[in-house]
Amino acid sequence: MSGHIWNIGLFKRINNNEAECIKCKENGESKYLFKLSERSVKSLIAHVRSKIHKDSENAKQFEKLVNKEQTNVDASIDKYFQQHSSGNLSQLDKKVINLIACENLPFRLVNSPWFHSIVNQHCEKLKDESHYRKCLIDVYEAVKIRITSEFVFEFL
8 MSGHIWNIGL FKRINNNEAE CIKCKENGES KYLFKLSERS VKSLIAHVRS
58 KIHKDSENAK QFEKLVNKEQ TNVDASIDKY FQQHSSGNLS QLDKKVINLI
108 ACENLPFRLV NSPWFHSIVN QHCEKLKDES HYRKCLIDVY EAVKIRITSE
158 FVFEFL
């Protein structure tokens, strides 16, 4: 997600520790310089999502790129399940693993009583968090390899 911030034409890197918002500088805004602490672009992402730019074409383009990336990650996980699933993962298992991985949620969520109350409305029984911990490692490694290889080819 963070790499997309440079692709929308709103920011210009001044050096490794600073970037400027081109539009804010042109419009005479007082705040147009942003620190990149340890090369992190969180401040730039927050700025593009702020009320100053939230309705701009740049913000829309950024969100579109982020959503496309998330869709690609979701598709890669789904594709992994289709290609590598030995049939021992139920649809519920796949959805829980996808939820944990894509939303960066803790495994303890699976043992939470309120999560069980939501999931138990379905006919499948939710497994213990240890089951998902084991499955997620394999899924993560496969998706990481796939995304890394696709990412490398984009820049060649």
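Counted the way this note's numbering counts, the sequence shown spans residues 8 to 163. Glycine included, every Cβ here is placed at the ideal spot set by N, Cα and C.
query	result
Within 10 Å of its beta-carbon, does cysteine 109 have 16 or more other beta-carbons around it, so buried, or fewer, so exposed?	exposed
For leucine 40 and arginine 20, I'd like the C-alpha separation in whole angstroms.	10 Å
Return yes when the Cβ of leucine 96 is within less than 8 Å of the Cβ of cysteine 28, no when it is not.	no
From this set, Lys67, Ile107, Asn111, Glu25, which residue's C-alpha is nearest serine 47's C-alpha?	Glu25
Would you identify the three-state DSSP class for isoleucine 21, choosing helix, strand or coil?	strand
So, are the CB atoms of isoleucine 59 and isoleucine 12 less than 8 Å apart?	no
Would histidine 54 be called buried (16 or more neighbouring beta carbons within 10 Å of its own) or exposed?	buried
Ends of the alpha helix (DSSP H) at phenylalanine 41?	Counting along the chain, phenylalanine 41 falls outside any alpha helix (DSSP H), though it belongs to the beta strand (DSSP E) covering 40-42.
Could you tell me the boundaries of the alpha helix (DSSP H) in which histidine 54 lies?	49-55
Out of Trp121, Ile144, Asn34, point me to the one whose CA is closest to isoleucine 104's CA.	Ile144
Based on DSSP bridge pairs, tell me the residues matched to glutamate 27.	Lys19, Leu40
For lysine 61 and glutamate 45, I'd like the C-alpha separation in whole angstroms.	25 Å
Quick check: the Cα distance between lysine 38 and arginine 115, rounded to an integer number of angstroms?	41 Å
Whole angstroms are fine: how far does the CA of isoleucine 125 sit from the CA of lysine 132?	11 Å
Between which residues of its own chain and tyrosine 147 is the CB-CB distance below 8 Å, once the five residues before and five after are set aside?	Ala108
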